[in-house]
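Novice: Chains as they are written, first to last, in our numbering: chain A, -4 to 203; chain B, -4 to 203; chain C, -4 to 203; chain D, -4 to 203. From the three backbone atoms N, C-alpha and C, an ideal C-beta is built for every residue, glycine too.
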DNA sequence: AATGAATGAGTCTTCATTCAT
DNA sequence: CATGAATGAAGACTCATTCAT
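Right under this line is the structure:
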């Protein structure tokens, strides 16, 4: 009697196992056998549900991205009519959310960044994510500044978040999260207060 | 007697080939055979000079790091007595130096970031690099602000640079470099002008 | 469900193939590919069942030892209440049993002797085997002589058997088996009749 | 200025190095590079003097055999007119001579035994050695018994010596040498005193 | 005579994938 | 649905041998 409705359960199981294995051994050392063992299933099951190793990795990455955007969405919903500053803080918080800062997710994310450069399938996901983040941030900045500056502010904040996040991932130190958040908040404050000096194309290159 | 003194030449050759292969195929797909072919040598030669694949990767990473710090050092020397702002700009420029922004180096760097999480040997190099960058930046900021703020400014700028650098790497678009530099300059200007609002531990978390 | 219970069958198959390859080409030239081909399987299967080449070799040696001791045990059981002489003959016969004198087994045994000196895993097996043989022989001799002499007789007979066995292996001549057995029987007769002259520590060294 | 007369010196050097490496790592792990390093020369030199790896191994084995027979010859010369017993003891002593019982020699010998089964060149040496030993022992026994018994006695003593020697090699215990010698002496005494019971072809097989 | 850099064939091992049950 | 046995291609690494100097 084939149990029905196993699909989503098994898939979630395997994605969790994938995250776990990448956390423990790294993407480069994540084998199908290891993932299946971690999930408590047989090796054949992965092909059955994801067709391919790449299929599993894509699904895993999609799952991580979905979690990130759900976190951002939830927090923005809760502050729908708040000030731009408050909403940007909420989005920053989402990026350092518990679901994002677990080691498993950090390592997975970083690994995907790296391998997305040579795997078109992952690259597409990565691009979508990046664009979505940029536009989400830009929307909020637009309420407080002209479009040109808003775009730059969004790019800068996105870079800031990624950079802080990357450092936290590399240093493997959960305590950094609080500092990371504060530095990101500070950057928002900088941008909302107006640029100290408008960055110009060339003259800014060699300031006294 | 056979040709002597081939050591450094061959090593440089092989490191260049490694960067090339990682650029084309990614670290995950970089095989010894491919690297040897790219270098125009036999496969055995890599073991001969680096002992191991990991030995070659370490040497390659070390080479990339050395280039980065040489670029920073050179630019700082040229501006030894300049203002903090000018020197920070020089350090930023070094990070977006031609030697750093080539695709090969970007991908290699990102790949190393990723795999350093599970390879102690690479992790060590990565940590050393991170600490050196932080302290170099901090030294300059200290001339313009109290130690506490200088440390945060250094961390923030380092994150900013990494984040911008990461985005450039992922988007694979060399044209972003100019924008990246401008955003980093802007961050320096923010910090040197004094914080818009001092980031505080908790009250800053939910600003109106 | 896939065929289950293949484990012992495949393992036996592969061990037989290992013996065959060592017989034909020698341990030094026994490759995994050759063994797999001989067994009619793919190369990967060896790792699947034995993990390692050394794992396969250990299992093979264990199998050979097990066969030897089973042969000895069977023959002793059949003569449970017989005289010491009869039981020692049975043990000698077991050592020159059909399962032991096949060329494959001889060469394998000799190869293991040699490589056991540098492979701790094999050395352990070798030591266990040696000790077990010594104690089995000693038990029987004890029924016919004082402990001191029994120990020496056991050591001597074990050496005799090994030496005869070794010569047979090296000369590659199956016909020697009969002679080997007779010489071993003779040694037993010598010992059971009482020593011609008690071997003494030093005075025996230069007898007239 | 090519130094002349280096040939024998270098050859001896390399043979010693070979013995050393086999002692430390085993024949299976003895590489040309390792031997050259141990000898303090370059890798190419081995080909230069021995042409081949097998050439070096043959020369090494020949050297070991030559040492054994020199030891036997010397001791027999010293006892030219002594009794058969004394001369047999001398030959036994030679086999457990200091030059023979060093670990390096033991392991080398055993390794050669093993690989001689598949290397015709080594096999030839091995056969010559075996035959020479047999005939040397037989000559002496012939002075004390009829040819038929002498042949058997020689075979038995040779087996005894090899077996004792083998056990000593495997147990890696130099202290066994004394016991080994005593057991070999005892065997000589047995044979010289006349067989306890003449070994017969079939009736001896199942004695009561 | 001697060096040691270079080669490349050969080996072990890993692993994604398939498939009969 | 699920299993896990089996495959075989691919990669890292070793090492005897060659050869220009």
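Run the proximity test for residue 110(D): is its beta-carbon closer than 7 Å to any non-hydrogen atom belonging to the ligand HEM?
Specialist: With respect to small molecules bound, the structure shown includes none, and the ligand HEM cannot be examined in it.
Novice: Please go through the same chain and pick out, in chain order, the residues whose beta-carbon is closer than 8 Å to the beta-carbon of residue 196(D), but skip the five residues on each side of it.
Specialist: Walking along the fourth chain from the start, residue 196(D) turns up at place 201. Low confidence applies here, because residue 196(D) scores a pLDDT of 45, under 50, leaving its location unreliable; read the following figure in that light. So the list is empty, once near-sequence residues are dropped.
Novice: Threshold first: 4 residues or longer. Then list the alpha helix (DSSP H) segments lying entirely within the region 62 to 150 of chain A, N to C.
Specialist: Counting whole runs of 4 or more residues, the region 62 to 150 of chain A contains the alpha helix (DSSP H) stretches 79 to 90, 93 to 96, 98 to 111 and 115 to 136.
Novice: Quick one: give me the first and last residue of the alpha helix (DSSP H) that residue 22(C) is part of.
Specialist: As a working note, residue 22(C) is residue 27 in the third chain. From DSSP, residue 22(C) is part of no alpha helix (DSSP H); its letter is neither H nor E.
Novice: Check whether the region 147 to 166 of chain C touches the region 64 to 75 of chain C, taking contact to mean three or more Cβ pairs, one atom from each stretch, closer than 8 Å.
Specialist: Flag = no, the region 147 to 166 of chain C and the region 64 to 75 of chain C do not touch.
Novice: Tell whether a beta-carbon distance below 8 Å holds between residue 33(D) and residue 117(D).
Specialist: Taking the first residue of the fourth chain as position 1, residue 33(D) is located at position 38. Taking the first residue of the fourth chain as position 1, residue 117(D) is located at position 122. It is not a contact, given that the beta carbons lie outside the stated cut-off.
Novice: Would you say residue 156(D) faces chain C, with C-beta separation under 8 Å as the test?
Specialist: Numbered from 1 along the fourth chain, position 161 holds the residue referred to as residue 156(D). Interface residue, yes.
Novice: Residues of chain B with a CB under 9 Å from the CB of residue 95(A): which are they?
Specialist: Within the first chain, residue 95(A) is the residue found at index 100, counting from 1. Residues of chain B passing the Cβ test: none, with the nearest at roughly 15 Å.
Novice: Grab me the residues of residue 56(A)'s own chain with a C-beta within less than 7 Å of its C-beta, minus the 5 sequence neighbours each way, in chain order.
Specialist: Along the first chain, read from residue 1 onward, the residue named residue 56(A) stands at position 61. Excluding sequence neighbours, residue 56(A) sits near 107, 117 and 120.
Novice: Under a three-way DSSP split, which group does residue 42(B) fall into?
Specialist: Start at 1 with the first residue of the second chain, and residue 42(B) comes out as number 47. In this structure, residue 42(B) counts as helix in the three-state DSSP scheme.
Novice: Closer than 9 Å by beta-carbon distance: list the chain D residues that pair up with residue 119(C), in chain order.
Specialist: Against the third chain, residue 119(C) aligns to sequence position 124. Simply none; closest approach about 12 Å.
Novice: Give the DSSP-derived three-state secondary structure of residue 163(A) in the structure shown.
Specialist: Taking the first residue of the first chain as position 1, residue 163(A) is located at position 168. Helix, per DSSP.
Novice: Please report the distance separating the alpha-carbon of residue 89(C) from that of residue 166(D).
Specialist: Position 94 of the third chain, counted from the first residue, corresponds to residue 89(C). Position 171 of the fourth chain, counted from the first residue, corresponds to residue 166(D). Rounded to whole angstroms, residue 89(C) to residue 166(D) spans 23 Å at the Cα level.
Novice: If you measure from the beta carbon of residue 125(A) to each beta carbon in chain B, is any gap under 8 Å?
Specialist: Against the first chain, residue 125(A) aligns to sequence position 130. Yes, residue 125(A) counts as interfacial toward chain B.
Novice: Can you list the residues of chain D that residue 20(C) reaches, using a CB-CB cut of under 9 Å?
Specialist: Counted from its first residue, the third chain places residue 20(C) at position 25. Here the neighbours are 113.
Novice: Is there a Cβ of chain C sitting closer than 8 Å to that of residue 90(D), yes or no?
Specialist: In the fourth chain, the residue the question calls residue 90(D) occupies position 95. Chain C contact via Cβ: absent.
Novice: By the three-class DSSP mapping on this structure, what secondary structure does residue 12(B) have?
Specialist: Looking up residue 12(B) in the second chain gives position 17. Helix at residue 12(B).
Novice: Rounded to the nearest angstrom, how far is the Cβ of residue 13(D) from that of residue 51(D), given a contact under 8 Å?
Specialist: The residue labelled residue 13(D) in the question sits at position 18 within the fourth chain. The residue labelled residue 51(D) in the question sits at position 56 within the fourth chain. Yes, residue 13(D) and residue 51(D) are in contact; Cβ-Cβ is about 6 Å, under 8 Å.
Novice: Whose C-alpha, out of 1(A), 59(A) and 93(A), is nearest the C-alpha of residue 36(A)?
Specialist: Within the first chain, numbered from 1, the residue matching residue 36(A) stands at position 41. Answer by Cα proximity: 1(A).
Novice: Report yes if the C-beta distance between residue 155(C) and residue 182(C) is below 8 Å; otherwise report no.
Specialist: Counting from one through the third chain, the residue named residue 155(C) turns up at place 160. Counting from one through the third chain, the residue named residue 182(C) turns up at place 187. Against a cut-off of 8 Å, the Cβ pair of residue 182(C) and residue 155(C) comes out as a contact.
Novice: Considering Cα atoms alone, identify which of 146(B), 113(B) and 135(B) is closest to residue 19(A).
Specialist: Position 24 of the first chain, counting from 1, holds the residue named residue 19(A). It is 113(B).
Novice: Please list, in chain order, the chain A residues whose beta carbon lies closer than 9 Å to that of residue 161(B).
Specialist: Along the second chain, one-based indexing puts residue 161(B) at 166. Per Cβ cutoff of 9 Å: 108, 154, 157, 158 and 161.
Novice: Rounded to whole angstroms, what is the Cα-Cα separation between residue 30(A) and residue 9(A)?
Specialist: If you number the first chain from 1, residue 30(A) lands on position 35. If you number the first chain from 1, residue 9(A) lands on position 14. Going by the C-alpha atoms only, they are around 7 Å apart.
Novice: Residues in its own chain within less than 7 Å of residue 198(B) by CB, not counting five upstream and five downstream?
Specialist: Translated into the one-based positions of the second chain, residue 198(B) becomes position 203. Note that residue 198(B) has pLDDT 40, beneath the 50 cutoff, so the model's placement of it is unreliable and the number below is only indicative. Excluding positions up to five away in sequence, the list is empty.
Novice: For residue 147(D), which residues of its own chain have a beta-carbon under 6 Å away from its beta-carbon, when the five flanking residues on both sides are left out?
Specialist: Taking the fourth chain and counting its residues from 1, one reaches residue 147(D) at position 152. Excluding sequence neighbours, residue 147(D) sits near nothing in its chain.
Novice: Kindly give me the distance between the Cβ atoms of residue 27(A) and residue 38(A), rounded to whole angstroms, as I take these residues to be in contact under 8 Å.
Specialist: The residue given as residue 27(A) occupies position 32 in the first chain. The residue given as residue 38(A) occupies position 43 in the first chain. At roughly 6 Å, the Cβ-Cβ gap stays under 8 Å, so residue 27(A) and residue 38(A) are in contact.
Novice: When you compare only the Cα positions, how much space is there between residue 81(D) and residue 43(B)?
Specialist: By 1-based counting over the fourth chain, the position of residue 81(D) is 86. By 1-based counting over the second chain, the position of residue 43(B) is 48. Their backbone Cα atoms lie some 58 Å apart in a straight line.
Novice: Terminal residues of the continuous alpha helix (DSSP H) containing residue 171(A)?
Specialist: Within the first chain, residue 171(A) is the residue found at index 176, counting from 1. Counting along the chain, the alpha helix (DSSP H) containing residue 171(A) begins and ends at 171 to 187.
Novice: I want to verify the contact list: residues of chain B whose CB lies under 7 Å from the CB of residue 26(A), in sequence order.
Specialist: Here residue 26(A) refers to the residue found at position 31 when the first chain is read from its first residue. Correct list: empty, because the minimum Cβ distance to chain B is about 13 Å.
Novice: Can you grab the Cα-Cα spacing for the pair residue 7(D) / residue 176(D), in whole Å?
Specialist: For the purposes of this step, residue 7(D) is taken as residue 12 along the fourth chain, with counting starting at 1. For the purposes of this step, residue 176(D) is taken as residue 181 along the fourth chain, with counting starting at 1. Answer to the nearest angstrom: the Cα atoms are 30 Å apart.
Novice: Return helix, strand or coil for residue 47(D), following the three-state DSSP convention.
Specialist: For the purposes of this step, residue 47(D) is identified with residue 52 of the fourth chain, where counting begins at 1. Of the three classes helix, strand and coil, the one that applies to residue 47(D) here is coil, per DSSP.
Novice: Would DSSP call residue 58(C) helix, strand or coil?
Specialist: As a working mapping, residue 58(C) is identified with position 63 in the third chain. Of the three classes helix, strand and coil, the one that applies to residue 58(C) here is helix, per DSSP.
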